[in-house]
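Trainee:
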Amino acid sequence: MKKIIGLVIAIFLFVGCKDNQSKSEQIITKNKPVKVTLKKENGKFQLYVNNKPFYIKGAGLEHGNIESLAKHKGNSFRTWRTENGKKSGKEILDEAYKNGLMVAMGIEVGRERHGFDYNDTIAVNNQLERIKKEVLALKDHPALLLWGIGNELNLRYTNPKVWNAVNDISKMIHKIDPNHLTTTSLAGISKNEVDLIKERCSDLDILSLQMYGDLPNLPKLVREFGWEGAYMVTEWGATGHWEVPKTSWGAPIEENSTLKAANYLKRYQKGIQADTLQCIGSYVFLWGNKQERTPTWYGIFLENGDETESVDVMHYIWNGTWPQNRTPQIKAFTLNGKTAYEDVIFKYGDEGTASVKIYDFENDAIKYSWEILPESTDLQDGGDYEERPKAISVEVINEDNGEYVFKTPKKGIYRLFVYASDGNGHAATANIPFKVE
Numbered sequence: 001m002k003k004i005i006g007l008v009i010a011i012f013l014f015v016g017c018k019d020n021q022s023k024s025e026q027i028i029t030k031n032k033p034v035k036v037t038l039k040k041e042n043g044k045f046q047l048y049v050n051n052k053p054f055y056i057k058g059a060g061l062e063h064g065n066i067e068s069l070a071k072h073k074g075n076s077f078r079t080w081r082t083e084n085g086k087k088s089g090k091e092i093l094d095e096a097y098k099n100g101l102m103v104a105m106g107i108e109v110g111r112e113r114h115g116f117d118y119n120d121t122i123a124v125n126n127q128l129e130r131i132k133k134e135v136l137a138l139k140d141h142p143a144l145l146l147w148g149i150g151n152e153l154n155l156r157y158t159n160p161k162v163w164n165a166v167n168d169i170s171k172m173i174h175k176i177d178p179n180h181l182t183t184t185s186l187a188g189i190s191k192n193e194v195d196l197i198k199e200r201c202s203d204l205d206i207l208s209l210q211m212y213g214d215l216p217n218l219p220k221l222v223r224e225f226g227w228e229g230a231y232m233v234t235e236w237g238a239t240g241h242w243e244v245p246k247t248s249w250g251a252p253i254e255e256n257s258t259l260k261a262a263n264y265l266k267r268y269q270k271g272i273q274a275d276t277l278q279c280i281g282s283y284v285f286l287w288g289n290k291q292e293r294t295p296t297w298y299g300i301f302l303e304n305g306d307e308t309e310s311v312d313v314m315h316y317i318w319n320g321t322w323p324q325n326r327t328p329q330i331k332a333f334t335l336n337g338k339t340a341y342e343d344v345i346f347k348y349g350d351e352g353t354a355s356v357k358i359y360d361f362e363n364d365a366i367k368y369s370w371e372i373l374p375e376s377t378d379l380q381d382g383g384d385y386e387e388r389p390k391a392i393s394v395e396v397i398n399e400d401n402g403e404y405v406f407k408t409p410k411k412g413i414y415r416l417f418v419y420a421s422d423g424n425g426h427a428a429t430a431n432i433p434f435k436v437e
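Here it is in structure tokens:
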């Protein structure tokens, strides 16, 4: 009996030691950075992670749901800075690792339009030293894919020395972090910028481009403007607020969630998927929600976390199949019989009658909610923070099954929003600008 007990204890201790050893090996593996390389083979650029081909199926993600990105089979996300105000860079990378995702880690770089002076050598050097500390802190994390040096530094700038600074940052990164690649993201593309990047930023590994309505023309423009290296699209998505028709009083007309989704698919197929030689993947904008002209314009999630139809499209792009439960679609939306493109104008105290028609693939019960916002006056650019307008209260005369009748508010410029939820975490949305005289 004593021999049996001794044998059991010995086995237990052996298994325990072996288990501890395996955990130790896992920790060592976890703390080991991946090796990221870029190769050109038979005229085609290919990204490799630990010698395995890696095509970026990604999303821009500031405060969005990392777990849901993994669920929909994205493989990477980008940030705009190492610290986003809610989570540290390490916390972001840890969560990415937990969900099997890689991160294109953004680095905050001073913009001329925000007052940064690239003739100020002290400021430029201080920036380089600050970035060096950020890189040293995160460079060995296994979820790190590459470094994004600045965002849209070409937006309303005049001093080309910014590209010398970017090149110096890239050189510094390559010196202290031999495992990861570098890039910078441009707003749009032009021959002038391509020439400047080739002349002053030769240390960059990849060029990143950000385009919206004009994305289908990108492969042609890349060739036309002489970029011969690898590139990726680090922002793309809804038609930009600068690209859409406007009302007679100047309010940009936002596409509804169904039209947006159709455009996401078309733009991906023509502007990203079509270039099989130089494009190494993309990051859709935005896996989350933000106020930019409206609270619904660029985020492919609503403020309450519901997915819009553009998430369905990304699922289809990344998987080749549609999600099991689809998001409702908007078939028609009018206010007093007019669409958003027909100038809806009231007098104070008039009745407004809104009507929305929804199609749901699974015939889920649809719950409607409505909201009236003043037209946003906090208008920034380049994705800078904007304050969300506060909803106003109006007298509601009737609200039933996709119809909403209300008394118009005081003189001003507004938008009426509708949200149609299927109860399964998906919702369609649209808005119509209107004016009260």
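Mapped onto our numbering, the consecutive letters of the sequence shown carry residue numbers 1 to 437.
Glycine is no exception: its CB is placed at the ideal position from the N, C-alpha and C atoms.
Since the structure is predicted, the reported quantities are computational estimates derived from the model, not experimental observations.
#1: What ranges does the beta strand (DSSP E) occupy inside the segment 302–381, keeping only unbroken runs of at least 3 residues that lie completely in it?
#2: Are the beta-carbon atoms of residue 280 and residue 231 separated by less than 9 Å?
#3: Give me the residue from 299, 168 and 267 with the minimum Cα distance to residue 214.
#4: Work out the CA separation of residue 253 and residue 343 for me, nearest whole Å.
#5: Can you list, in chain order, the residues of its chain whose CB lies under 7 Å from that of residue 424, leaving out five sequence neighbours each side?
#6: So the candidates are 178, 396, 115 and 236; which of them puts its Cα closest to the Cα of residue 369?
#7: Taking the continuous alpha helix (DSSP H) assigned at residue 70, which residues delimit it?
#8: So the candidates are 264, 152 and 108; which of them puts its Cα closest to the Cα of residue 132?
#9: How about residue 147 and residue 187: do their beta carbons lie closer than 9 Å?
#10: Would you grab the beta carbon distance between residue 193 and residue 154 for me? Rounded to a whole angstrom, and I think it's under 8 Å.
#11: Please classify residue 44 as buried or exposed, where buried requires at least 16 neighbouring CB atoms within 10 angstroms.
#12: What's the gap between the Cα of residue 390 and the Cα of residue 98?
#13: What does the alpha-carbon distance come out to for the pair residue 289 and residue 341?
#14: Which of the three DSSP states is assigned to residue 125 in this structure?
#15: Is it right to say residue 467 is buried, meaning 16 or more other beta carbons lie within 10 angstroms of its own, or is it exposed?
#16: For residue 208, count neighbouring Cβ atoms within 10 angstroms of its own Cβ and tell me buried if that reaches 16, exposed if not.
#17: For residue 421, which three-state DSSP category applies?
#18: Per DSSP, residue 45 is paired with what?
#19: Could you tell me whether the segment 113–128 touches the segment 66–82, where touching means 3 or more Cβ pairs closer than 8 Å?
#20: Report yes if the CB atom of residue 431 is closer than 9 Å to the CB atom of residue 416, and no otherwise.
#21: So, do the segment 226–244 and the segment 177–191 have three or more beta carbon pairs nearer to each other than 8 Å?
#22: How is the alpha helix (DSSP H) around residue 89 delimited, first residue to last?
#23: Over what stretch of residues does the alpha helix (DSSP H) that includes residue 78 continue unbroken?
#24: Can you grab the Cα-Cα spacing for the pair residue 275 / residue 223, in whole Å?
#25: Based on DSSP bridge pairs, tell me the residues matched to residue 185.
#26: Here's the rule I'm using: 16 or more other beta-carbon atoms within 10 Å means buried, otherwise exposed. How should residue 433 be labelled?
#27: On the CB-based measure, 16 or more other CB atoms within 10 Å of its CB, does residue 136 come out buried or exposed?
#28: Determine the closest residue to residue 393 out of 372, 90 and 81, with distance taken between C-alpha atoms.
#29: So residue 57 is in the beta strand (DSSP E); what residue range does that whole segment cover?
#30: Could you tell me whether the segment 398–413 touches the segment 300–308, using the rule of 3 or more Cβ pairs below 8 Å?
#31: Which of the three DSSP states is assigned to residue 15 in this structure?
Mentor: By the coordinates alone:
#1: 329–335, 344–346, 351–359 and 367–374
#2: yes
#3: 267
#4: 10 Å
#5: 325 and 364
#6: 396
#7: 66–71
#8: 108
#9: no
#10: 5 Å
#11: exposed
#12: 37 Å
#13: 25 Å
#14: helix
#15: Past the boundaries of the shown model lies residue 467; the chain is included only from 1 to 437, so the question cannot be answered.
#16: buried
#17: strand
#18: 40
#19: no
#20: yes
#21: yes
#22: 89–98
#23: Note, residue 78: premise wrong, no alpha helix (DSSP H); beta strand (DSSP E) at 76–78.
#24: 11 Å
#25: 151 and 208
#26: buried
#27: exposed
#28: 372
#29: 56–60
#30: no
#31: Any reading at residue 15 must be qualified, since the residue scores a pLDDT of 38, below 50, and its modelled position is unreliable; no value is offered.
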